[in-house]
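Let me begin by presenting the structure, written as structure tokens, before commenting on it.
Residue numbers (our numbering), protein chains in the order written: chain A, 6 to 181; chain B, 2 to 215.
Structural data, given as structure tokens:
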């Protein structure tokens with residue numbers, strides 16, 4: 006990042022109407038913004054979040070006088086947008102939770118005399134202990150996700166996520 | 002990164018000359034002046050209680066009035082600095098209204114357990130609704146004004162700012178009513194004045210979530 010005094014001067018010039026200085030100011034603060042959010046935002050989404058922050062800085066530029074310290078002003082806007090992004094991101098993940106019914110289609114129907122655990126054992130090869138236990142309880146022993154969570158001291162959503170990941174790994178191994 | 006450069010180019014082309022917002026002291030004088038004038042107008046309309054001179058000689062009543070006035074002042078300061086994303090780097094001023102509310106709560110509690118207040122605690126007043134509506138009515142215009150004022154800024158604490166805006170406006174209403182209404186029954190004050198004020202402030206938090214996000 007450029008020295009603070011230089012950025013402040015560029016900012017003051019920018020809000021006075023100098024578009025080139027304003028562009029230099031935004032370019033100058035971009036690495037600082039990226040560093041602020043790097044700890045909390047995954048690599049693939051950082052550009053999007055930085056762009057949202059730059060737009061917010063543009064919208065809120067009338068609230069900075071170009072004299073008081075710049076970093077707290079930038080950091081406040083960056084944190085605000087970052088929290089917005091994280092809220093949206095985690096809300097979307099919740100809605101994408103896999104329903105138990107979806108997982109049942111992956112595992113073959115077992116009928117008649119067949120021991121249910123036999124048909125599933127082959128599929129569960131390569132699956133680690135905890136997810137294996139979860140899938141067994143869900144599809145062999147007939148527990149609901151909530152009941153599995155209570156027995157294994159996990160939340161219902163954590164059970165679903167673990168089961169979904171295990172099923173995904175199985176699918177990948179089977180080439181489905 | 003390419004898209005970031007393109008965005009910067011677009012933003013700089015859009016950027017024209019911008020009037021930078023004045024300092025908090027500029028806004029504080031104006032906003033507080035407006036609230037004081039509005040309060041004075043409301044007081045003229047509602048009048049003063051007939052025993053005001055006697056009551057102002059009572060330390061507890063005077064403390065209550067001063068605390069309410071302090072809440073209006075500190076709430077205005079907090080609303081002004083909430084307008085800036087970095088709180089104009091004066092974060093400590095944001096806590097003053099809450100401290101004022103706490104002090105008021107302590108005073109009320111003390112009044113409630115004092116010998117004069119204990120009889121009143123046992124009463125079950127049912128005439129608080131009118132006072133609550135009166136406070137809400139007086140607080141409406143300043144609340145709208147403070148929300149519009151905050152919207153012109155860029156608050157990064159929309160919930161807190163909304164709550165503070167309504168709390169400040171309700172404190173104006175409480176103060177006006179306290180100077181006009183000739184009753185000091187503890188139960189009535191709690192039920193008809195201060196609990197509605199807190200509820201209005203909570204409503205302000207939710208309104209801030211809707212109207213102050215940008």
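Even for Gly, the Cβ is constructed at its ideal location relative to N, Cα and C.
Does DSSP put residue 97(A) in a helix, in a strand, or in coil?
In the three-state scheme derived from DSSP, where H, G and I count as helix and E and B as strand, residue 97(A) is classed as helix.
For residue 5(A), name the three-state secondary structure that DSSP assigns.
With chain A running from 6 to 181 in the structure shown, residue 5(A) is simply not present.
Residue from 176(B), 56(B) and 193(B) whose Cα sits closest to the Cα of residue 72(B):
176(B)
Is the stretch 63-78 of chain B touching the stretch 92-107 of chain B in the sense that three or more CB pairs, one from each, lie closer than 8 Å?
Under the Cβ criterion (8 Å, minimum of three pairs), the stretch 92-107 of chain B counts as touching the stretch 63-78 of chain B.
From which residue to which residue does the alpha helix (DSSP H) around residue 45(A) run?
Premise fails: residue 45(A) is in no alpha helix (DSSP H) and is neither H nor E.
Does the beta carbon of residue 2(A) come closer than 9 Å to any beta carbon on chain B?
Within the shown structure, residues of chain A are numbered from 6 to 181, placing residue 2(A) beyond reach of any answer.
Coil, strand or helix - residue 182(B) by DSSP:
coil
Once the 5 residues before and after residue 58(A) are set aside, which same chain residues still bring their CB inside 7 Å of it?
Hits under 7 Å: 38, 82, 83 and 86.
Going along the chain, which residues of its own chain have a beta-carbon closer than 7 Å to the beta-carbon of residue 117(A), five neighbours each way excluded?
Note on residue 117(A): pLDDT 48, under 50, position unreliable in the model; the coordinate value appears next. Closer than 7 Å at Cβ, skipping near neighbours: no residue.
Using a beta-carbon distance cut-off of less than 8 Å, what residues from the stretch 17-45 of chain B approach chain A?
Within the stretch 17-45 of chain B, the qualifying residues are 17, 18, 19, 20, 21, 22 and 24.
Answer yes if the stretch 31-50 of chain A comes into contact with the stretch 33-44 of chain B, meaning at least three C-beta pairs across the two stretches below 8 Å, and no otherwise.
no
Does residue 9(A) come within less than 9 Å of chain B when only Cβ atoms are used?
For residue 9(A), the answer is no, since every Cβ of chain B falls outside 9 Å of its Cβ.
Any chance you could list the beta strand (DSSP E) runs of at least 3 consecutive residues sitting entirely within the stretch 17-51 of chain B, in chain order?
none
Cutting at 8 Å between CB atoms, please list the residues of its own chain near residue 249(B), excluding the five before and the five after it.
It is not possible to answer for residue 249(B), since the shown part of chain B is limited to 2 through 215.
Helix, strand or coil for residue 123(B)? Go by DSSP, reduced to three states.
Confidence at residue 123(B) is low in this model, with a pLDDT of 48, below 50, so its placement is unreliable and the value that follows should be read with caution. If DSSP states are grouped into helix, strand and coil, residue 123(B) belongs with the helices.
Under three-state DSSP, which class holds residue 213(B)?
The answer is coil: DSSP assigns residue 213(B) none of H, G, I, E or B.
Do residue 21(B) and residue 68(A) have their beta-carbon atoms positioned less than 9 Å apart in this structure?
yes
Assuming residue 140(A) contacts residue 171(A) under a Cβ cut-off of 8 Å, what Cβ separation, rounded to an integer in Å, is found between them?
6 Å
What does a CB cutoff of less than 6 Å around residue 7(A) pick up in its chain, not counting 5 residues either side in sequence?
Excluding residues within five positions, the ones whose Cβ falls inside 6 Å are 33.
Residue 14(B) at chain A interface by Cβ criterion, 9 Å
yes
Could you round the C-beta distance between residue 179(B) and residue 9(B) to whole angstroms and report it? I think they count as a contact, below 8 Å.
With 8 Å as the limit, residue 179(B) and residue 9(B) do not qualify as a contact, their Cβ atoms being about 54 Å apart.
Return the first residue and the last residue of the alpha helix (DSSP H) that residue 92(B) is part of.
From DSSP, residue 92(B) is part of no alpha helix (DSSP H); its letter is neither H nor E.
Using only CA atoms, which one of 189(B), 149(B) and 182(B) lies nearest to residue 214(B)?
149(B)
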